[in-house]
Structures are given as C-alpha cells and as structure tokens.
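Following: one structure in structure tokens, then a few remarks.
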Amino acid sequence: MGFELLAGTRAPVRVWTDPYAIEPQAARQLRNIGALPWVQGVAVMPDVHFGKGATVGSVIAMRQAVSPAAVGVDIGCGMSAVRTSLTADDLPDDLAGLRRAVEDAIPVGFAQRDDPVDPRRVRGLEQRGWDDFWRRFADLDRRVAQLETRARRQLGTLGGGNHFIEICLEQGGADAGRVWLMLHSGSRNIGKELAERHMAVARRLPHNAGLPDPDLAVFLSGTPEMDAYRRDLWWAQEYARRNRAVMLAVLMNLVRDRFPQVGYDEPISCHHNYVAEEHYEGVDVLVTRKGAIRAGRGDLGIIPGSMGTGSYIVRGTGNEWGYCSASHGAGRRMSRAQAKRTYSTADLAAQTSGVECRKDAGVIDEIPGAYKDITEVMARQDDLVEVVAYLKQVVCVKG
169 MGFELLAGTR APVRVWTDPY AIEPQAARQL RNIGALPWVQ GVAVMPDVHF
219 GKGATVGSVI AMRQAVSPAA VGVDIGCGMS AVRTSLTADD LPDDLAGLRR
269 AVEDAIPVGF AQRDDPVDPR RVRGLEQRGW DDFWRRFADL DRRVAQLETR
319 ARRQLGTLGG GNHFIEICLE QGGADAGRVW LMLHSGSRNI GKELAERHMA
369 VARRLPHNAG LPDPDLAVFL SGTPEMDAYR RDLWWAQEYA RRNRAVMLAV
419 LMNLVRDRFP QVGYDEPISC HHNYVAEEHY EGVDVLVTRK GAIRAGRGDL
469 GIIPGSMGTG SYIVRGTGNE WGYCSASHGA GRRMSRAQAK RTYSTADLAA
519 QTSGVECRKD AGVIDEIPGA YKDITEVMAR QDDLVEVVAY LKQVVCVKG
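FYI, the numbering for the sequence shown is 169 to 567, going by our numbering.
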C-alpha cells in the first residue's frame, strides 16, 4: 500500500498506516523521535502503538548514535519457527496432553530451570561458541555481575507477557495442514537489567539535556558509554538468540519423541527488538528496530497475530524506504489494564475457541480482542513483505 509522511518532523517519518489513526501518545513519540538531530529517518510499521521512550513498531536510522529506548528493555526479543513433515492427521484429537508436555519441558512465566542448560545434553542444539559466550559475561556492566546464575538458569525459558509457544497448522495451498512449531521470547531478565542500566546512564549525559523526551537519550559513537552499551547489547542479542535456539531444540525433541516419523525443515529465526549496522541513501547508520523485523530482499520472517488469530511466514521485499523492515506482529490496540477491564474469561474462551490454551484470568490481557486485526496489518505492508504461508495455531502455551 505504500507509506504516508507524518507531518511536522525534521527527519522524514514514513508511516505504513493511516497517520490519523495513530494514538495521540504514539504520534507525539514519533514526532519527538523525528526531531532528534542524529536521526536520518523513521519508518513506522502498521502495528505501531505507544511504548516506553520509543514507539513500538518503529524503525529508527541514526547517524553515529543510538537510543537504548529505541531498542527497548527486552533486547533481542524475537521469533523462531520450523515446519515439520507432520500433518493435522498425525495429531491427536485431544491436544491437552501435548500442551502439558510442552509446559513441563519448558519453564514459563517467572519460572527458571533448576540447573543451567548443558548444550551437550540437548539433541540437535548448535554446539559452537557456548564457552566463549559465557566467558564474555564477565565483561558486561559490573552492576549485573551477581545475575550470572539467574541468567544461566533462565536460558531456555519462555517468560510471560506476550511470549508464547505454539503448534500451528498451515492454511491453504499445497501444504495445507502441515504442522509448524513456533515460539516468541527474548533475553529474559538479564536483557532487561542491562537495558535499564544503560538507559539511566544515557539520560545523565550532557548532550541529552533538553530533549523533548528524556527517555530518548542517545549514546554517541566514539564514546566509552556507546562502547559499553554496544558490548552489552551484542551479548544480550546473542543471549536472546541462544535462548530461542534452546527452546526450539527442546520442542523439536519433544515432538520427535511423540512422533518418531517427524522431519524438520530449516528453522526460521528473527529478532524484533535490536540494533544493526546498515547503509541507506549513501549513509552508514545504526538501525534500531523496536517491534519490527528485518525484511531485506529474500529475508524470511515471522509475523504473529494473537493467541487466537494465527501468524504469517513472510519474505522481505527489500524496500529501502522502510529500511528493509516490516511489522513484528499485530500490535496492541489497548493496554493490558484496559483489556482486563474490558474482557472476561468467557470472552477469552470464545475468542480462542478451537485452540488448546489457557483460558483463565491470568491471560485475559493477551486476549485476541486486545490486538489489532492482523489481516489489516498485513494488507498495509504488502510492499514490505510477501506472504509465504499463513498458520493457525491449535496449541498455544503462555507464561
């Protein structure tokens, strides 16, 4: 559908939705971002909504600067998915046992593992780089030194909020009924702790005095503060990637134990809260994607809806006006508090009919009605991605 420009900004803010439909708080955030002197441009995804500091669903290209709030506190949060050789006919009629098996195998919510994951004991898990990865923990901000044990025990755990594990069925086409495994998680508590510490440091730097929003404070290239942030950022992004890799391997093994005939395609994985060094319009920039995935030409990505509406496997078109990006999901249309005030457990049961999942008060804030219409979101970005497959979940595990 193409983009529209948000009026009243210094740098171009290109919007892949109706600018007048953006909630006022989020529109103010976007204008604040567009006013920053370091910003080359902003691409606003159709799932855009208000967030802390920077807007969720924003892609910000900065010259020689980065704002930690434009990454968010769940550094490296993202998705993984893999298509199996199984079909719907291979699954049992009652999926409750399969959901319980997933919940038993992968800690969810605030739970952590009794013992840290030993990658040598997880069949199918990439074995390279683990020792070096954990050695680098000692180089992180000294204020998180006491969190290493927790970080080790939380590796391979789901977390709560909008994180999930799903078993899905492909819809339509030659592969209709094919079973997919999918999950959404990030860098757990250690990513949050690192992000919040660096955000606090950035707010105190002199060059950030007088910003329209203190949460948009930036680090500048060539400074020790930037070097420290990028060191911790790269580590946390790797933690998030490894966290999803552990869970996906555990999930694939669980399914293999129950269905020995299963085969797997190559997994798909993508961050949607992260920083990357990229080049646009002849300029080297640091691109922060907060609630957005990379959609370079040919890149495979995952765009989920909600726990009752399904997800899309997509291929990027490489649209440089959008900084080669696309939405990370449907995006919330109401806050968690508002969702709890608006909906009941009966509403949750109705909106997740046909999905084996929790239907209790603890997940009402994740009810499909709290999210935007994923089909409309996808229609708004047909120049950013093309749809490879549409998946509908039959099992959904929430924290």
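We put the CB at the ideal spot given by N, CA and C, even for glycine.
Shown here, Ala463 sits in coil according to DSSP, grouped into three states, outside any helix or strand. The C-alpha of Leu422 lies about 46 Å from the C-alpha of Val207. Cβ-Cβ distances below 6 Å link Leu516 to Lys527, Ile532 and Ile535 in the same chain, with the five nearest sequence neighbours on each side left out; the list follows chain order.
The C-beta distance from Val183 to Val212 rounds to 4 Å, short enough to meet the 8 Å contact threshold. In this chain, Lys360 is not harboured by any beta strand (DSSP E); it is covered by the alpha helix (DSSP H) spanning Arg356 to Arg371.
In the DSSP assignment, Val455 falls within the beta strand (DSSP E) that extends over Val451 to Lys458.
Ser253 has its alpha-carbon roughly 39 Å from the corresponding atom of Phe171. Of all alpha-carbon atoms in Glu393, Met420, Tyr539 and Val451, the one lying nearest the alpha-carbon of Thr477 is that of Tyr539.
Nearest in C-alpha terms to Val482, of all of Met475, Gly466, Trp489 and Gly490, is Gly466. Counting only unbroken stretches of 4 or more residues, the alpha helix (DSSP H) elements lying wholly within the segment 268–303 are 298–303, in sequence order. One alpha carbon belongs to Asp551, the other to Arg288, and they sit about 43 Å apart. Fewer than three pairs of CB atoms, one per stretch, sit closer than 8 Å, so the segment 398–417 makes no contact with the segment 370–383. A residue is called buried when at least 16 other Cβ atoms come within 10 angstroms of its Cβ; Thr317 does not meet this threshold and is exposed. For Val443, the closest C-alpha among the options Asp400, Lys220 and Gly473 is that of Asp400. In this structure the segment 250–269 does not touch the segment 354–371; the number of beta carbon pairs closer than 8 Å is below three. Around the beta carbon of Thr510, fewer than 16 other beta carbons sit within 10 angstroms, so the residue counts as exposed. In the displayed model, Tyr511 falls within coil according to three-state DSSP, outside both helix and strand.
Taking the CA atoms as reference points, Arg346 sits about 5 Å from Leu337. Out of Pro180, Leu173, Arg178 and Gly202, the CA that lies nearest to the CA of Tyr188 is found in Leu173. In chain order, His217, Ala538 and Tyr539 place their CB closer than 7 Å to the CB of Arg500, counting only its own chain and leaving out the 5 sequence neighbours on each side. Arg548 places its beta carbon 8 Å or farther from that of Thr325.
The criterion of a C-beta distance shorter than 8 Å is satisfied by Gly464 and Gly484.
Distance from the CA atom of Arg398 to the CA atom of Gly522, rounded to whole angstroms, is 44 Å.
With a 10 Å radius around the Cβ and a threshold of 16 neighbouring Cβ atoms, Asp242 comes out buried. Across the structure, Thr456 and Gly490 are spaced so that their CA atoms are roughly 12 Å apart. Classified as buried, Gln197 has 16 or more neighbouring CB atoms from the shown chains inside 10 Å of its CB. In this structure, DSSP gives Val212 an extended state, which the three-state scheme calls strand.
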